[in-house]
Structures are given as structure tokens and as C-alpha cells.
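Protein chains in written order, with the UniProt record's numbering: chain S, 1 to 315; chain G, 1 to 665.
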């Protein structure tokens, strides 16, 4: 049974583009075309607006939370080509750093696993990906992957820091994995890795026939395999898997939808994938007992005729 | 395989859990919907979409749709009344796991039976609570909800107890019908209720349902009750009544009586009795009373009479047991499936079978996987399927059938059940124990959940820390300690922060805090959190800086206690072992000043020389002295250095003299 527990009126004055919960699910950051970022306290069923972050000069596309060990830190990116890093100190949010080294709209921001330090990846419509990082003494530095995706990069997502085969190999300390995946207007999904402090292309995954809108690397759940999900303008979601031994990625089409798929996200344990898109639906997908990806639930936006929206309807 | 299963498959495709569709309130947005994950089974859903690229050519403006909905699923277990089920079944589950690990197979069987019964009694207790709650409320919505939940519990008890009879508490060969009859009586109590009602009447035979009640009871093998009803009939002395009484009295009872005798003995008695029944029926013993004739035909196992009394059986599985009682009372458990089809045919109106029917058919077919799969699809919560699966798993009733992605059915369901608890503010602790018993994925699931568990309070952080420590989750321990330590550090609570870093043996941050302590001392000339530093013990060895901090504090204590020689020696070793950070040397030397100015000699000539050496090294390498210092500070520093130079020279002279006196060369 799926049901609506609460609703939050964000009072944004324009379309919301992203909403992200902090690491502990107690704070929700939203961003909108109204150029604002809002932070809500969502603990225990209460929703209180705790901050309004103004600083972008255009629509804000995405927000991301850093690991709490760095404090309360949010990164945001937008149409104004900027990436802003915000930090909360004693209840007030301030700009910590502004990165403005992109030539076009910045579409995606993602913080790296905390094992890698305070590191951020940004994907932009100028086709490049920036890796922005704190040097530890309060200043910031960046590396850039130019021409990562021709026409534009739409999404970035980091690999889990713990290697998928780490459970088998318990000898000594493991170097954390430093990889990320990106998707772009060249219809490609690309995996990048850092080698001798330079970012190089690790893999190029071909499978989509139109712009890739979102990519998401699944959390590592103890299996010796890596899983990436990608979705595209071609209405398909592809699950890419790698068994960890070779750079051999196999693809499986999860489903072909009726409309563009905008967004993907994995549950905390990586066993359920939420898929959402232009068809006004959020569907949840899970690998069933036979290893097939099946839809377990659907959340639909009402079409007007259904007024009793608080009750679940089983098909 | 019985023919019933073929029929079922032809009627029903392999089915997954029903798809739940939730409609969100409000009007449709033409921009799509997005979702972000919360903890466990929780999503935040909002209209909107990701970046609009120039090429998209969409003008974004839809100020009405800015609401975010928090959506949850599998929350059945969060209900206050159901929580008792969660907690009590958790105890049974944990007990079973430890017993399964230790017990031999013989004792394990007994334990399984015990656990199975305990699970059922918890379900029963929960039903009672629901019933009470339903009686005590006037809210129609609530009543409906409670009644729905009650129905679910009744079905679960029905399935569970049938599984218990066929899989767990298996009666010896040929005697399966005894527990099945008990099962039947428990779940179809109508006959017994009417029976009680009739007994209260002055003229029982005039009760509207007198004969119907007799049929119902005889269909459940309640011979004694039937006899007592017949004995109350005014015509009890007539031939037909007497003949029936004789038959019923002689019926080889399917109860305790035949437990003593062997199966073949029973079968022989039964055959004789059946022949007697048939003979009396043929000879027209009951021709004068059509009701008794019907009873006699039941005793003879006549197929048509069962079809006739279909409505009194209510369901095909009642009819199955009733028929078997009179047609084949020593049926083997494995053969039950061959008898289901006829009964299903009698009840098939529209050709469709319900979920419950399919589950029961699968139980009669001993297809445990199918039972569990159907159950996990049918019931909205994972509680039932997960616990039943675990029980059957320990009973060896599940083939160790590996699923495509590695785990087995038991783990798959336990993970789902645990997931449904993780988003609850207190039940997550129960979820942790279930994850512990998922050998393949449990640990990594727990690691992920722990990483996302909020701990505003120190108490909760400590609780989480213990959970991680017990399971040797070093990375999570480190992460929790770091988050807690950093929070305290930001609030300038150095001592408390250090405690957390020490817990996770975090060298880098322990060093950082030790440095902050030292800076604080340099600035204020005193230490806060003396207790903590005094009691560092061996944990001070974690980092050099921390060791120095601890030792330096020890020096102060010795000095205060006027143990000047010991203090002086310690200070000297801190300085010369290079344990002290360079920028702290001047502070140490200033401390030495006090010792040098004492009447008694603390430092010998050799030591004094070495200290002079340190001072010289320091004055040469001025960057350690001048860093961040004001000019006024610098002049003060210069003054200190000169003071030291003088004091050391004087001490050296004194030492040479003293040494020369004690040991003349």
C-alpha cells in the first residue's frame, strides 16, 4: 500500500527542478526556476522552512548535499553557469565558494563519496565536466574534463568508494574508488577515472538513441558487481552491469516508457530504482525472484477527475 | 503433480505482487513528476523536471505546482496496534535463529512446532486487540480499517496453521486427518455456535436450524455433539433414531481412541462400520426420516449428498476434509492434492479462483515456494511471508534454491520486511536484528542504513555506535565518530570531540584536537577539560601530538606536586626526544626557567648543554618563533630568550661545580 503521509508547500514561485534530502533524511533542499534554493526541516512529519538561499541569477537546476562530516554543505548549479557551495554555520547559510568556470548552463552537481574528501563533480551544457575540490586549507581547486560530451553533459553520478569486490579482498587497506559516470547529448554514457591526477575516459557505453537525461550509479550492496542506470529522451531506461573483473559492461533495457524519462534514483540499499518522467508517473522497479526488473509501484499525478487523492488504488 | 495444479496454471499466469498505483492530489502538470528517496520505503514526489536545455524549447512557468508530497509504502507494521506483532514476533524469530544454530535435528523439530504455535498466538493476540479496538470506536472509517485487518489476520492464521499441519508438525502416516479436522473446526465455528444455541432451547427439535446444525457437525466429525442433539429429539426411541444412534456410537472415532490401535486395525474396523452403514441405508432403516437418511448418506461418503450440502461446507477446503473423513479417513498427506479438484469443481461458479484458494491449493500440493510467493504477493505486508518462510527454511521445507542475484527466498523476504521497518522511528532497531540474519546482503544493507541514520542526540549516536562495534563495522564507526566529533569541534567542545575521535582511533582528528588544546594553553596559559587529559591513559599513544599533550600535562602535575626532579626529567625528555612540536619548544623552555631558578640543582651539565643546544637551534630558525606574532610579542620573546640564556649558563656553572664536588676527577 502506497500512501501520501504529508505534503509540503514549498511556495516556490516557479517550477521545481530538484529536491534532495540530506544524508539523514531530516532536511530537504529544493531548487526552482524562481532562482531560489529552499531548505526545509522535515523531521518527524513537520515541515519548516529554515532557509532561503538566493544567489543564482537564473533557474537553479540541481542541488546536492555533502556528507555531514564536512558540516551542513549544499552545492547548487544553474542556468547562470555557476556552481555555488553553501555552508551553514550556527543556523545561517552563506556562500562558501562560487565556481564559475563553465561557458554554459550547469545541469548537474554531485558530491563524491566522503572517503575522497570534499569533492564535487559538475556537468555542463558546454560539454565539459568539472571536478571541484577543497584543498583542505580553506581554498578550492578544480580539474576539468573538456569535451566530455559534445553538445552538452546532462548528468553526473559518482561510483561508490568501496570497490564491489572489496568484500572478497579483506587484505589491508583499500584505496577508495575514484570514478564517475556521466550522460549527455551525444547519446552516450561515459565512465571516467582519475589516473595520475588526470581524469581520463574509462568506458564509453553506447545504447541510447537520443539524449541521455540522467545517470545514476547504484550503491554497492555487497555483490561483486557495479550497476549503473541511465535514462534518455528515447524513452528507455537501461541497466548497465559489470561483474568487476573486466571492463565489460552488459546492458539490459529495463523498460520502454511512453514518454521521455527525466530522472532516476536508487534507494539507499540500491535494490529499488525510482524512474520518473514526462508521463506524470513515478514508478518503482525491483529485481524479482527470477532476476527480472519489475515495476512494484506507481505514483501518478492526478488527472483532475480523481479527487480523493489520499487513498491508494490497486489495479 | 495433481491435476488441480494444471488447472490452476491454465487459469492463472504466474503473478507478481499486485501493482499499487497511487494518485496524487491536484491537477496534472505538463512537466512530469520527479522523486527523491528518503530513508527506507519513503519518497518525496513533486511535479517538475530536470534542467531545461535550450533545445527543449519549453517555457517553464507553472507556479501552482510547487507542492512536494511525502509518500510511503509497506507501512502496515507502523500501526500502533500492529506494533505488538512486530515486537513479539521479533522475540520468537530471534529465539528460533539461536535454536536453529545450536539444536540437533530432533530437538529442532520440537522447537519449530513451538515457535510456529507462538507465532500463531501472537497473531491471535493481535486479532483480539483489533477486535477490541473496533468495538471501542465509533469512527466508521476506523471500524472498516480494523475489520479489514481482522480479515487479513484470519486468513493468515488459516494458511499458517495449515502449513503447520502439513510442513512443521507432521502427524504420523495416515493420521493427517485428525489435525485437519481440528483446523476445520477452528475456522468454521458456525455449527458449534448453533449447537450451543440449540442446547439452550426448551424444545431443541423445534429450533429452525436443528437439522442443519446436525449436518454441519457431522461434516466436521463432531459425532458426540450430533448424538447429544439426537438424544434430545422426542422421537429418539423410534427405530430409525435408535439405528442411527447405534451407527454413531460404533463409528471408529478419528480421535484419541484410534491413536492406540494400529493403522491396519483401524482400517479394518472402519470397513466393517462402513459396510454396516451402507447395509442399514439399503435396508431402509432411515426411510421414515429424510433427515436421518441424509446423515446416513454422509456416513456412507455419498458424493451427491456432499454436493447437495455444498453451502453448509462454505468452502471447497471444508468439503475436502469432510469428504475425506467419510471416504478415505487414512489418506496420506501427499495424496491430499488428488482430492482437491472435485471439491473445487463443486465450488467453481465463474471459473475464477481467489488468491486464498491458490495459496491453499499450493499448500495441499506441498509446493512451499509457490505458497510463499503467492503470500508475498497477496498480503500487503512482508511480515507473514518473511516469518513463514524463515520457519519453513529451518524446517528444511525449502529447497535451497538460489535466486538469480544470489540470495535465497528467505533472505529476499527478510530484507523486504526489514526495509519496511527501517523508516520507522523506533522499529528500525528490530529491523537491524533481521538484517543480521540475512547472510548475503544483510550486512551491506545495514551499513547503508546506518550511514543514513540521523543522530541528533548523543544517546542515539552511542546506540548506533554500539550496533556498529558489535558487528565490526569499522568504516561506519569512523563515520559516526567523525560526524559527532566535528559537530562538537565546531561548538568548541574540545574534550567531548576528542572522546569521539578516540573512540574511532581517528589519528588525524585526534591530532587536530590535541593541537587545539595546545594552542588554547599557549593562549590562555591553562587547560580546559583537565579530567579528560589526565585520564588519557594508553589512548594518548594514538598520535604523537596527543602523547605530547598527555605528557606535557603530566609535567604540570608533577611540578604542582613539587616533584621537581621528575618534572624536570620529563620536560627534558619531551624536548630532546623531539616529541614536542617545534613551535612549542619556547613554551617548554619557559617552563624550564622555573626549574633552573630553583635552589637545588635539577639539570646536570650534560642536560643543560643539550637544552642550550635546543635554544640555539630555535633562535637560528626564527620562523617557528615569529609565525603570527605581533612586534610586542616578539620583543617579549627576545626577552625570554635572553633570560633563558642567562639561566642556562648559570645552571651549567652550578652543575659543573656540583658534579666536581661529588665526583672529584
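Positions of the beta carbon are idealized from the N, C-alpha and C atoms, including for glycine.
Within-7 Å CB hit, residue 256 of chain G to chain S: Here residue 256 of chain G refers to the residue found at position 256 when the second chain is read from its first residue. Any reading at residue 256 of chain G must be qualified, since the residue scores a pLDDT of 49, below 50, and its modelled position is unreliable; no value is offered.
Own chain partners of residue 475 of chain G with C-beta closer than 8 Å, once the 5 adjacent residues on each side are dropped: Against the second chain, residue 475 of chain G aligns to sequence position 475. Contacts found: 447.
CB of residue 511 of chain G within 7 Å of CB of residue 543 of chain G, strictly: Position 511 of the second chain, counting from 1, holds the residue named residue 511 of chain G. Position 543 of the second chain, counting from 1, holds the residue named residue 543 of chain G. In contact: residue 511 of chain G and residue 543 of chain G (Cβ atoms closer than 7 Å).
Beta-carbon spacing of residue 419 of chain G, residue 40 of chain G below 7 Å: By 1-based counting over the second chain, the position of residue 419 of chain G is 419. By 1-based counting over the second chain, the position of residue 40 of chain G is 40. Yes, these two residues count as a Cβ contact at 7 Å.
Limits of the unbroken beta strand (DSSP E) element including residue 201 of chain S: Here residue 201 of chain S refers to the residue found at position 201 when the first chain is read from its first residue. Looking at the DSSP string, the run of the beta strand (DSSP E) that includes residue 201 of chain S is 198-206.
Completely contained alpha helix (DSSP H) runs for the stretch 358-383 of chain G, where each covers 4 or more residues: 368-378
CB contact below 7 Å: residue 58 of chain S versus chain G: Translated into the one-based positions of the first chain, residue 58 of chain S becomes position 58. Judged by the 7 Å Cβ criterion, residue 58 of chain S is not in contact with chain G.
Contacting positions in the stretch 270-281 of chain S - beta carbon closer than 9 Å to chain G: 270, 271, 272, 274, 275, 276, 277, 278, 279, 280, 281
Cβ-based burial, residue 667 of chain G [other Cβ within 10 Å; buried from 16]: Look at the range of chain G in this structure, 1 to 665, and you will see that residue 667 of chain G is not part of it.
Nearest neighbour of residue 603 of chain G, chosen from G/617, G/370, G/573, G/183 [CA to CA]: The sequence position of residue 603 of chain G within the second chain is 603, counting from 1. With distances taken between Cα atoms, residue 603 of chain G lies closest to G/573.
Residue 429 of chain G, DSSP secondary structure in three states: Translated into positions along the second chain, residue 429 of chain G becomes position 429. If DSSP states are grouped into helix, strand and coil, residue 429 of chain G belongs with the helices.
Within 7 Å, strictly: CB atoms of residue 231 of chain S and residue 256 of chain S: Counting from one through the first chain, the residue named residue 231 of chain S turns up at place 231. Counting from one through the first chain, the residue named residue 256 of chain S turns up at place 256. For residue 231 of chain S and residue 256 of chain S, no; Cβs fall outside 7 Å.
Cβ-based contacts, 9 Å cut-off: residues of the stretch 66-77 of chain G near chain S: 66, 67, 68, 69, 70, 71, 72, 73, 74, 75, 76
Burial state of residue 655 of chain G, where buried means 16 or more other Cβ atoms lie within 10 Å: Indexing the second chain from 1 puts residue 655 of chain G at position 655. Residue burial is scored here from C-beta neighbours: residue 655 of chain G has at least 16 other C-beta atoms within 10 angstroms and is therefore classed as buried.
Chain-ordered chain G contacts of residue 20 of chain S [CB-CB under 7 Å]: Numbered from its first residue, the first chain carries residue 20 of chain S at position 20. Residues of chain G passing the Cβ test: 36.
Per DSSP, cross-strand counterpart(s) of residue 684 of chain G: No statement about residue 684 of chain G is possible, as the shown extent of chain G runs from 1 to 665 and does not include it.
Residue 113 of chain G - containing beta strand (DSSP E), residue span: Position 113 of the second chain, counting from 1, holds the residue named residue 113 of chain G. Per DSSP, residue 113 of chain G belongs to no beta strand (DSSP E); it is in the alpha helix (DSSP H), 105-135.
Contacts around residue 226 of chain G, its chain only, beta-carbon distance under 7 Å, and the 5 residues preceding and following it disregarded: The count along the second chain starts at 1 and reaches residue 226 of chain G at position 226. So the qualifying residues of the chain are 214, 217, 218, 248.
Beta-carbon proximity list for residue 167 of chain S, same chain, < 7 Å, skipping 5 on both sides: Locating residue 167 of chain S in the first chain gives position 167, where the first residue counts as 1. For residue 167 of chain S, the pLDDT reaches just 47, beneath the cut-off of 50, and the residue's location in the model is therefore unreliable, leaving the point undetermined.
is_contact[residue 4 of chain S, chain G] using C-beta, thresh 7 Å: Here residue 4 of chain S refers to the residue found at position 4 when the first chain is read from its first residue. Closer than 7 Å: yes.
Alpha-carbon spacing of residue 39 of chain S relative to residue 64 of chain S, whole angstroms: Position 39 of the first chain, counted from the start, is the residue given in the question as residue 39 of chain S. Position 64 of the first chain, counted from the start, is the residue given in the question as residue 64 of chain S. Distance between the alpha carbons of residue 39 of chain S and residue 64 of chain S is about 12 Å.
Separation of residue 458 of chain G from residue 87 of chain S, as counted between CA atoms: Taking the first residue of the first chain as 1, we reach residue 87 of chain S at position 87. Taking the first residue of the second chain as 1, we reach residue 458 of chain G at position 458. Each residue's alpha carbon lies about 23 Å from the other.
Chain-ordered chain S contacts of residue 203 of chain G [CB-CB under 8 Å]: Residue numbering aside, residue 203 of chain G sits at position 203 when the second chain is read from its first letter. What residue 203 of chain G touches in chain S: nothing, since even the nearest Cβ is about 51 Å away.
Residue burial classification, residue 45 of chain G (beta-carbon count within 10 angstroms, cutoff 16): Translated into positions along the second chain, residue 45 of chain G becomes position 45. So residue 45 of chain G counts as buried.
Interface flag, residue 111 of chain S vs chain G, CB-CB below 7 Å: Position 111 of the first chain, counted from the start, is the residue given in the question as residue 111 of chain S. Residue 111 of chain S does not count as touching chain G.
Where residue 298 of chain G sits in the DSSP three-state scheme: Taking the second chain and counting its residues from 1, one reaches residue 298 of chain G at position 298. If DSSP states are grouped into helix, strand and coil, residue 298 of chain G belongs with the helices.
Counted within 10 angstroms of its Cβ, other Cβ atoms place residue 284 of chain G as buried (16 or more) or exposed: Residue mapping note: residue 284 of chain G aligns to position 284 of the second chain, counting from 1. Answer is exposed; the Cβ neighbour count stays below 16.
Cα-Cα separation between residue 468 of chain G and residue 483 of chain G, rounded to whole angstroms: As a working mapping, residue 468 of chain G is identified with position 468 in the second chain. As a working mapping, residue 483 of chain G is identified with position 483 in the second chain. Annotation: residue 468 of chain G to residue 483 of chain G spans about 15 Å, alpha carbon to alpha carbon.
Cross-strand partners of residue 179 of chain G (DSSP beta bridge): Taking the first residue of the second chain as position 1, residue 179 of chain G is located at position 179. According to DSSP, which records beta bridges pairwise, residue 179 of chain G is partnered with nothing at all.
Distance between residue 372 of chain G and residue 17 of chain G (C-alpha atoms, nearest Å): By 1-based counting over the second chain, the position of residue 17 of chain G is 17. By 1-based counting over the second chain, the position of residue 372 of chain G is 372. For residue 17 of chain G, the pLDDT reaches just 43, beneath the cut-off of 50, and the residue's location in the model is therefore unreliable, although a value from the coordinates is still provided. The alpha-carbon atoms of residue 17 of chain G and residue 372 of chain G are separated by roughly 12 Å.
Where the beta strand (DSSP E) containing residue 78 of chain S begins and where it ends: The residue given as residue 78 of chain S occupies position 78 in the first chain. From DSSP, the beta strand (DSSP E) with residue 78 of chain S extends over 73-78.
Cβ pair residue 132 of chain S, residue 142 of chain S closer than 7 Å: Residue numbering aside, residue 132 of chain S sits at position 132 when the first chain is read from its first letter. Residue numbering aside, residue 142 of chain S sits at position 142 when the first chain is read from its first letter. For residue 132 of chain S and residue 142 of chain S, yes; Cβs fall inside 7 Å.
Closest residue to residue 35 of chain S among S/42, S/51, S/55, S/29 (Cα-Cα distance): For the purposes of this step, residue 35 of chain S is identified with residue 35 of the first chain, where counting begins at 1. That would be S/55, whose Cα lies nearest to the Cα of residue 35 of chain S.
Under 7 Å between C-beta atoms of residue 266 of chain S and residue 213 of chain S: Here residue 266 of chain S is taken as the residue at index 266 of the first chain, counted from 1. Here residue 213 of chain S is taken as the residue at index 213 of the first chain, counted from 1. No, the Cβ-Cβ distance between residue 266 of chain S and residue 213 of chain S is not below 7 Å.
Integer Cβ distance of residue 463 of chain G from residue 504 of chain G, believed to fall under 8 Å: The residue you call residue 463 of chain G lines up with position 463 of the second chain. The residue you call residue 504 of chain G lines up with position 504 of the second chain. That pair is no contact at about 16 Å.
Members of the stretch 429-443 of chain G that neighbour chain S once the beta carbon cut-off is set at 9 Å: 440, 441, 442, 443
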